[in-house]
Structure formats: C-alpha cells, structure tokens
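First the structure, in the form of structure tokens, and then the observations on it.
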Amino acid sequence: MSVLYVTEYASQGLDSRNSPMVIALEPTLAEQIFTISGSSTAVTNPFQSGTTYVRIHTDTICSIAFGTAPVATTSMKRMAANTTEYFAVPPNKGYKVAAITNT
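When you line the sequence shown up against our numbering, it's residues 8 to 110, in that order.
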C-alpha cells in the first residue's frame with residue numbers, strides 16, 4: 008500500500024527577535040493520510056482556510072498536483088520514495104493535493 012501524508016501549516020516559526028525561521032510552526036492545522044495508486048487520487052478534504060503551506064511525505068515514487076479539483080498524472084511533479092517536501096498554497100481557495108504512483 009502506497010501512502011501520501013499531508014500536513015497543513017499556517018505560518019513559519021519565529022526566533023527570539025520575531026524574525027521568520029525556515030521551520031514550520033506547530034501545532035499543525037490539519038493532517039490527512041491517503042492511499043495512492045496508478046490512478047489519480049486526491050485528499051478527501053480541502054486544505055483549511057488558514058493553510059499557507061503544506062508538508063508532503065510519500066513512502067513511494069509518485070507525482071502530485073495541486074488545485075481545487077486536482078488530477079495528477081505521471082508527467083507532473085515527481086517525488087522520490089521516502090521523501091518530504093514543502094509547498095506554498097494560496098489560503099482560502101479550497102485547494103487539495105492529488106497523487107499518482109510513478110516510476
């Protein structure tokens with residue numbers, strides 16, 4: 008079973024001088040986990056209204072797409088197995104992520 012893990016964040020952490028740090032500010036807004044296969048599958052719920060970026064972790068090689076009704080194809084953004092990436096997303100747009108297994 009191939010799985011994609013999606014974690015939503017509202018903002019970055021701040022240091023002691025209130026300068027932005029390149030780390031996610033906990034707690035998360037939401038987390039979703041879904042099974043991916045050779046057909047495009049999207050997360051069930053749109054991102055929370057305050058989500059400005061997401062952490063995507065995959066345990067398999069896959070391609071992903073973002074949008075209000077995303078459909079992933081194998082020619083789109085490819086992620087290697089067991090990798091994590093962060094992506095900025097527009098807030099209040101009802102975005103989702105879709106994924107499809109790839110080689």
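Every residue gets a Cβ at the ideal spot worked out from N, C-alpha and C, and that includes glycine.
TODO: For the beta strand (DSSP E) holding residue 38, just list the boundary residues, first then last.
DONE: Run containing residue 38: 37–43, per the beta strand (DSSP E) assignment.
Open item on the list: Can you tell me where the beta strand (DSSP E) holding residue 57 begins and where it ends?
Closed with: From DSSP, residue 57 is part of no beta strand (DSSP E); its letter is neither H nor E.
- [ ] May I have the straight-line CA-CA distance separating residue 13 from residue 38, to the nearest angstrom?
- [x] So the two alpha carbons sit approximately 6 Å from each other.
TODO: State the start and end residues of the unbroken beta strand (DSSP E) segment that holds residue 95.
DONE: Note, residue 95: beta strand (DSSP E), 90–95.
Open item on the list: Do residue 87 and residue 43 count as a contact pair if the criterion is CB distance below 9 Å?
Closed with: The answer is no: Cβ separation not under 9 Å.
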